[in-house]
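As structure tokens, the structure follows; a few thoughts come after it.
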Amino acid sequence: MNEGSNMDIMRSIMARSMPCLSERFYDGDPNELSVSIPTYVMRGVGSQTHHEYEVRITVGHERYTILRRYNRFRELHSEMMHKYGEQVAALLFPPKKFSLLRRSEALARERRPQLESYLSRLLEVVSQIPGSPLNTQTPSRTDLYTLSSFFRKGVFETGKYGIS
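Position 34 of the sequence shown, counting from 1, maps to 734 under the numbering used here, and the rest follow consecutively.
Right under this line is the structure:
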């Protein structure tokens with residue numbers, strides 16, 4: 701393996717570990733607001749092992765990535781139900797599972813598309829609610845931040861490992 705290949709591998713590992721590195725601007729639709737959850741990563745050690753989902757957000761001409769644990773999705777759902785009531789409560793949210801599977805690869809794999817679908821529908825529904833920060837012709841990153849801190853990225857957030 702040559703030195704260039706090693707650097708590519710290191711950049712790839714760092715980009716997955718530090719989502720702040722994957723931000724970029726692009727020539728897309730200025731009205732676009734979309735999310736995807738293409739993958740998840742295992743973080744922590746021993747009993748602190750957990751999965752974090754890679755959430756890719758496109759808003760206007762910006763794309764950025766954040767990592768979020770399942771519990772942060774649950775907190776978002778609760779916060780949005782409190783703010784917007786039945787319209788959000790009607791959305792299907794992946795249930796919490798109390799079992800030995802809590803940290804399993806199978807559970808993370810099963811939840812990934814469910815969380816992606818939920819998050820996409822949430823943004824769609826909330827953008828239709830009058831008074832919502834997303835109820836605008838050209839949504840922005842600031843509008844997402846106003847909606848919820850879930851969409852804010854940063855090195856030091858509420859989690860023990862500094863990402864989520």
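The beta carbon of each residue, even a glycine, is placed where N, CA and C say it ideally should be.
query: Which residues in the same chain as Ser848 place their Cβ atom closer than 8 angstroms to its Cβ, once the five residues preceding and following it in sequence are excluded?
result: Counted from its first residue, the sequence shown places residue 848 at position 148. Excluding residues within five positions, the ones whose Cβ falls inside 8 angstroms are Leu776, Glu779 and Met780.
- prompt: Pairing CB atoms from the region 779–795 with CB atoms from the region 747–763, are three or more of them under 8 angstroms?
  reply: Counting Cβ pairs under 8 angstroms, fewer than three are found: no touch.
- prompt: What is the DSSP secondary structure of Leu721, reduced to helix, strand or coil?
  reply: Here residue 721 corresponds to residue number 21 of the sequence shown, with the count starting at 1. With a pLDDT of 39 at Leu721, under the threshold of 50, the predicted position of this residue should be treated as unreliable, though the coordinate-derived value follows. If DSSP states are grouped into helix, strand and coil, Leu721 belongs with the helices.
- request: Go through the region 751–824 residue by residue and report every complete run of the beta strand (DSSP E) that reaches 3 residues or more, in order.
  value: 762–768, all fully within the region 751–824.
Assigned exposure category for Pro893 - 16 Cβ within 10 Å defines buried: In the structure as shown, the chain starts at 701 and stops at 864, and residue 893 therefore has no counterpart that could be examined.
query: Would DSSP call Ser849 helix, strand or coil?
result: Locating residue 849 in the sequence shown gives position 149, where the first residue counts as 1. Looking at Ser849 - three-state DSSP - the assignment turns out to be helix.
query: Which term fits Asp729, buried or exposed, when burial requires 16 or more other beta carbons within 10 angstroms of its beta carbon?
result: For the purposes of this step, residue 729 is taken as the residue at position 29 of the sequence shown. Under this definition Asp729 is an exposed residue.
- prompt: Taking all protein chains shown into account, do 16 or more other C-beta atoms lie within 10 angstroms of the C-beta of Leu721, making it buried, or fewer, making it exposed?
  reply: Start at 1 with the first residue of the sequence shown, and residue 721 comes out as number 21. Here the model assigns Leu721 a pLDDT of 39, short of 50, so the residue's position is not dependable, and the following value carries that caveat. Under a 10 Å Cβ-count criterion, Leu721 is classified as exposed, with fewer than 16 other Cβ atoms of the shown protein chains found around its own Cβ.
- request: Closer than 8 angstroms by C-beta to Tyr845: which residues in its own chain qualify, once you throw out the five before and the five after it? Chain order, please.
  value: As a working mapping, residue 845 is identified with position 145 in the sequence shown. Result list for Tyr845: Phe851 and Arg852, in chain order.
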